[in-house]
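Counting from 0, one number per residue, gives the positions in the sequence shown under our numbering. Yeah, the Cβ is synthetic: ideal placement off N, Cα and C, and Gly gets one too. Just so you know, these numbers come straight off a predicted model, no measurement behind them.
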Amino acid sequence: MEEISVSGMVLKSIQYREKDKLIHIFTVELGLITAILKGVSNNNAKLKYASQPFCFGKFELVKNKEFFTVKNVELIDSFFDVTQDYNVFALCNSMLEVCHIILKPGIISEELFLILIKSLDNIFYKNIPANLAVLKFHLEFLRLIGYQLNFDSCDSCGLKFVGDIKFNFDTGTFRCANCSNGKLISKLEFTVLKNISSTPFDRLHTIKFNSDCIDACLNLILKNISFRLNTKIKSINV
Ligand SMILES: [Zn+2]
Numbered sequence: 000m001e002e003i004s005v006s007g008m009v010l011k012s013i014q015y016r017e018k019d020k021l022i023h024i025f026t027v028e029l030g031l032i033t034a035i036l037k038g039v040s041n042n043n044a045k046l047k048y049a050s051q052p053f054c055f056g057k058f059e060l061v062k063n064k065e066f067f068t069v070k071n072v073e074l075i076d077s078f079f080d081v082t083q084d085y086n087v088f089a090l091c092n093s094m095l096e097v098c099h100i101i102l103k104p105g106i107i108s109e110e111l112f113l114i115l116i117k118s119l120d121n122i123f124y125k126n127i128p129a130n131l132a133v134l135k136f137h138l139e140f141l142r143l144i145g146y147q148l149n150f151d152s153c154d155s156c157g158l159k160f161v162g163d164i165k166f167n168f169d170t171g172t173f174r175c176a177n178c179s180n181g182k183l184i185s186k187l188e189f190t191v192l193k194n195i196s197s198t199p200f201d202r203l204h205t206i207k208f209n210s211d212c213i214d215a216c217l218n219l220i221l222k223n224i225s226f227r228l229n230t231k232i233k234s235i236n237v
């Protein structure tokens, strides 16, 4: 048996046996791991908070062969407010969901972890609207998995964008109106996506776009991510 300490966030929690829970933790050091939290189904269990998604902390684990048992958790933030508004919760959950899909044991991405924390921080401590912060997260997520959007030129003919622009869901790319396939998107949506893409996380407060337009862009990006990951994003209806 080996004792280790990792920083991480709970992505998912599953009832296990009568009183235990299995938690999936996105750790900085080990990627995605599954650990058992013993006795947390009791109402007064000491580590009950660690069975909640979004629990961010330092996890002290005991490793026995391939199994991890949580010994203690030093809470950094529970992002408790995440459950106060259903819409905000669904948006935030979409970030945990895509992390869970992409992460496998042994896949380590400190950068993904960082953008997840930065996005939650933007929503709960910096007053950034949740749809904007989550859209920024998903744009960065696309970049991290190698599918950064190209806002400069058409993916089909290679020419720089001048007139109307289409988004092709079959390839997850923008193309000009003259090239075949794709759905026309509004100039505003294209501008919003381009702007948010190039704005750093700590400058999102400078973005002032209409909330409906941000929702429409988020919709487009989530459809694109669903296509890239070949799965349906369940947290939000797109
Ligand atoms: Zn073209």
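First and last residue of the uninterrupted beta strand (DSSP E) at K70: For the purposes of this step, residue 70 is identified with residue 71 of the sequence shown, where counting begins at 1. Note, K70: beta strand (DSSP E), 66-76.
Tell me whether L239 counts as near ligand 1, meaning its Cβ is closer than 7 Å to at least one heavy atom of that ligand. This structure leaves residue 239 out entirely; the chain is present only between 0 and 237.
Selected residue, minimal CA-CA separation from I127, among G145, S234, K37, I195: Here residue 127 refers to the residue found at position 128 when the sequence shown is read from its first residue. Looking at the Cα atoms, I195 is the closest of the given residues.
Hey, G30 and I107: beta-carbon distance below 8 Å or not? Residue 30 sits at position 31 when you count from the first residue of the sequence shown. Residue 107 sits at position 108 when you count from the first residue of the sequence shown. Yes, they are a contact pair.
How is the alpha helix (DSSP H) around F136 delimited, first residue to last? Position 137 of the sequence shown holds residue 136. 129-143 is the extent of the alpha helix (DSSP H) around F136.
Local conformation of A34 per DSSP, three classes: The residue given as residue 34 occupies position 35 in the sequence shown. A34: strand per DSSP, three-state reduction.
Touching by the beta-carbon criterion (3+ pairs, under 8 Å), the stretch 196-210 and the stretch 218-230: no
Is N177 close to ligand 1? I mean its beta-carbon at under 7 Å from any heavy atom of the ligand. What you label residue 177 is simply residue 178 of the sequence shown in a count that begins at 1. Indeed, a heavy atom of ligand 1 lies less than 7 Å from the Cβ.
S155 Cβ short of 7 Å to ligand 1 heavy atom set: For the purposes of this step, residue 155 is taken as residue 156 along the sequence shown, with counting starting at 1. Checking the Cβ of S155 against ligand 1 gives yes.
Close beta carbons around A89, own chain, < 7 Å, minus the five adjacent residues each side: Sequence index remark: in the sequence shown, residue 89 carries index 90 (1-based). Cβ neighbours of A89 beyond the five flanking positions: S234, I235.
Cβ of R174 versus every heavy atom of ligand 1: is any distance shorter than 7 Å? Counted from its first residue, the sequence shown places residue 174 at position 175. R174: yes, Cβ under 7 Å from ligand 1.
Sub-8 Å separation of V191 and A129 beta-carbons: On the sequence shown, position 192 is the one that residue 191 refers to. On the sequence shown, position 130 is the one that residue 129 refers to. Contact flag unset, no.
The alpha helix (DSSP H) that contains K117, what's its start and end? By 1-based counting over the sequence shown, the position of residue 117 is 118. Unbroken alpha helix (DSSP H) run through K117: 109-124.
Do the stretch 130-142 and the stretch 41-53 meet, that is, are 3 or more Cβ pairs less than 8 Å apart? no
With a cut-off of 8 Å on the beta carbons, I'd call K11 and H99 a contact; round off their distance for me. Position 12 of the sequence shown, counted from the first residue, corresponds to residue 11. Position 100 of the sequence shown, counted from the first residue, corresponds to residue 99. 6 Å between Cβ atoms; contact.
Is it right to say G181 is buried, meaning 16 or more other beta carbons lie within 10 angstroms of its own, or is it exposed? Residue mapping note: residue 181 aligns to position 182 of the sequence shown, counting from 1. Its Cβ being crowded by 16 or more others within 10 Å, G181 is buried.
Alpha carbon to alpha carbon, how far is N92 from T82? Give it in angstroms, no decimals. Your numbering for residue 82 matches position 83 in the sequence shown. Your numbering for residue 92 matches position 93 in the sequence shown. Cα to Cα, T82 sits roughly 10 Å from N92.
Could you tell me whether the stretch 203-212 touches the stretch 141-152, where touching means 3 or more Cβ pairs closer than 8 Å? no
Tell me whether the beta-carbon of S4 lies closer than 8 Å to the beta-carbon of K57. Locating residue 4 in the sequence shown gives position 5, counting from the first residue. Locating residue 57 in the sequence shown gives position 58, counting from the first residue. Against a cut-off of 8 Å, the Cβ pair of K57 and S4 comes out as a contact.
Contacting residues, own chain, Cβ-Cβ under 6 Å from L228 (five flanking each side not counted): As a position in the sequence shown, residue 228 is number 229, starting the count at 1. The residues are I100.
Please state the DSSP three-state secondary structure of T205. On the sequence shown, position 206 is the one that residue 205 refers to. Three-state DSSP puts T205 in a helix.
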